[in-house]
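Residues in the sequence shown are numbered from 96 upward in steps of one, following this note's numbering.
Here the structure is laid out as structure tokens; the discussion comes afterwards.
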Amino acid sequence: MNLETIVMLVVSGSLMAYLLYALLYPEKF
């Protein structure tokens, strides 16, 4: 695995987690 693939996975994973958190706890936003 090269560095770009790892960076893309980390960025997309954190974005997915943020969206999931916003969906589960909308009163905090």
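We treat Cβ as the ideally placed atom computed from N, Cα and C, and that holds for glycine.
Cα-Cα separation, residue i to residue j
i             : j            : result
glycine 108   : leucine 114  : 10 Å
leucine 110   : glutamate 99 : 16 Å
methionine 96 : tyrosine 116 : 28 Å
Cβ of residue i within 7 Å of any chain C Cβ
i           : result
leucine 104 : Absence of chain C from the displayed structure is noted, only one protein chain being present.
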